[in-house]
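Written below as structure tokens is the structure these notes are about.
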Amino acid sequence: MKNWYAQTKQAFFFSLMFYIGSTILLVLKVSIAPILFSFSLAVSMIWVLLVLREIMLSPRISNQERLLLILFIILLNIFAGIVYFYLLRKRVIGDPKN
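Right under this line is the structure:
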């Protein structure tokens, strides 16, 4: 799982940047905003799939925790990403430096 560690977090931040940018452009009524929002949804799917992979391959959590984390990530997408990357990720995959 270590080989995807940095890419997963980068995909999340990339998605977050596009969500923020597209929201600002939607408020300003710029014509490209819906396209940018669609792109942010696609990038969001990438990081969600990478996080689901981390959760499914993790030997550190029980099946019940795995199920709850998967539902949390899928249903609450961006908010769940912030919680996962800053609070739960070390518990799921451990220390990436080892």
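Residue numbers (full-length UniProt numbering): 1 to 98.
Quick reminder that beta carbons are idealized off the backbone N, C-alpha and C, glycines included.
Predicted model, so just to flag it, every value in this text is computed and none were measured.
Is it buried or exposed for residue i, if we count other Cβ within 10 angstroms and need 16 for buried?
i     : result
Phe79 : exposed
Ser44 : buried
Using DSSP with H/G/I as helix, E/B as strand and the rest coil, what is residue i?
i     : result
Tyr94 : Reading the sequence as shown, one finds Gly at residue 94 and not Tyr. Residue state, collapsed to three classes: coil.
Arg60 : coil
Lys29 : coil
Give me the residue from the options with the minimum Cα distance to residue i.
i     : options                       : result
Val92 : Leu52, Phe39 and Ser38        : Leu52
Val48 : Lys90, Asn63 and Phe14        : Phe14
Leu57 : Gly94, Gly81, Ile35 and Gln10 : Gly94
Tyr86 : Arg66, Val30 and Lys9         : Lys9
Return yes when the Cβ of residue j is within less than 7 Å of the Cβ of residue i, no when it is not.
i     : j     : result
Ile74 : Ile55 : no
Ala33 : Ser40 : no
Phe12 : Gly81 : yes
Trp4  : Leu76 : no
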